[in-house]
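Mind the numbering: the sequence shown is residues 1279 to 1440 in the working numbering, read in order.
C-beta atoms are modelled at their ideal positions from N, C-alpha and C, and glycine is treated no differently.
Bear in mind the structure is a predicted one, so any value in this text is a computation, not a measurement.
To keep things clear, I will list the structure first and then write my remarks on it.
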Amino acid sequence: MMPSQEDVALAQELFQRAYQHQMQGELDLAEQLYKESIQIVPTAEAYTFLGWTYSFQGKLDEAIGECRKAILIDPDFGNPYNDIGAYLIQQGKLDEAIPWLEKALRSRRYEAYHYPHFNLGRVYVAKEMFKQAMHHFQEALRLQPDYTLAEEAIRQLKRRLN
């Protein structure tokens, strides 16, 4: 059954409130509001952002679980693939992160391709695969010219290689 316009509007309002609380560091309230939004209308965005909230709380396995739910709802949405990759990097699971980040790069609905490029760069630096790392950092900077983290990563990598 399709949700009503009222349900969609309420779920979106709860999502926006959750995001505001998350950005203010009020993670328990954000978590509660994301869950309420999901109960009304489950969306890939709400699951992904609930996962992001869990990651701020150090609950990386839970964060990955929410991203997997997001992918089931919308496999074209790029954010949860990148986020899973980033959480796996945090867990030191570099080889496991790579396919998720590559899926993010292939996602049709994504506005931030520079993030998976940057994260792949991080993986390849850790694996001492510097040519691949440089490629991904440069690609991140090409896609987002004011991305200072990519600029700094390129500078550090150049210093390391000289």
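Quiz item: Taking C-alpha atoms, which residue in L1311, C1345, S1315 and L1307 lies nearest to V1286?
Solution: S1315
Quiz prompt | Below-7 angstroms beta-carbon distance, T1426 vs any chain C residue | solution = Looking at the structure shown, chain C is missing, and only one protein chain is on hand.
Quiz prompt | Separation of L1305 from R1400, as counted between CA atoms | solution = 27 angstroms
Quiz item: Would you call T1426 buried or exposed, if buried means 16 or more other Cβ atoms sit within 10 Å of its Cβ?
Solution: exposed
Quiz prompt | Three-state class that DSSP yields for R1386 in the structure shown | solution = coil
Exercise. Since I believe G1329 is in contact with D1361 (beta carbons under 8 angstroms), could you give me their beta-carbon distance rounded to a whole number of angstroms?
Key: 6 angstroms
Practice problem: Locate the alpha helix (DSSP H) running through D1285, then write down its first and last residues. | Solution: Q1283 to M1301
Quiz item: Quick one: any contact between the segment 1372-1383 and the segment 1345-1359, if contact means 3 or more CB pairs under 8 angstroms?
Solution: yes
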